[in-house]
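Residues in the sequence shown are numbered consecutively from 47, following the numbering used here. Beta carbons: idealized from backbone N, C-alpha and C, even for Gly. Notes for the one structure printed next.
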Amino acid sequence: MFAPPHTEPFGIAIAEAAAAGLVPVVYRDGGGWTDIVSRIDQGLGYISIEEAAHIIRSLLNDPARLKELSSKAREVAKGFSYESFKERLSEVISSLSPDPSAK
47 MFAPPHTEPF GIAIAEAAAA GLVPVVYRDG GGWTDIVSRI DQGLGYISIE
97 EAAHIIRSLL NDPARLKELS SKAREVAKGF SYESFKERLS EVISSLSPDP
147 SAK
């Protein structure tokens, strides 16, 4: 997945692409870069279009690395799923509310 240099506060398109096993190549100074792509591989960010082309070419020329990063992308994306969000939110709420069984 090639993400052009525009600002997206979270990078949901990047998370969705990763969930599908696509390896995101993103503009290094974009919003989704730090939250999602850096957990897959720091080398997937670019500044120039030439750098993006080099990254994409290197992935296409190394099917084993592409497959490995695809699997890693799927794993990383699980952390941004609805179920994961629901579980973390429940933990936060539980930590803030008193235990009803403590009475």
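Please state the DSSP three-state secondary structure of Phe126. coil
Once the 5 residues before and after Arg74 are set aside, which same chain residues still bring their CB inside 7 Å of it? Gly91, Tyr92 and Ile93
CA-CA distance, Met47 and Ile60? 8 Å
Outcome for Leu135 when other beta-carbon atoms lying within 10 angstroms are tallied against a minimum of 16: exposed
So, helix, strand or coil for Ala26, using DSSP? The chain is shown from 47 up to 149; residue 26 falls before or after that span and cannot be answered.
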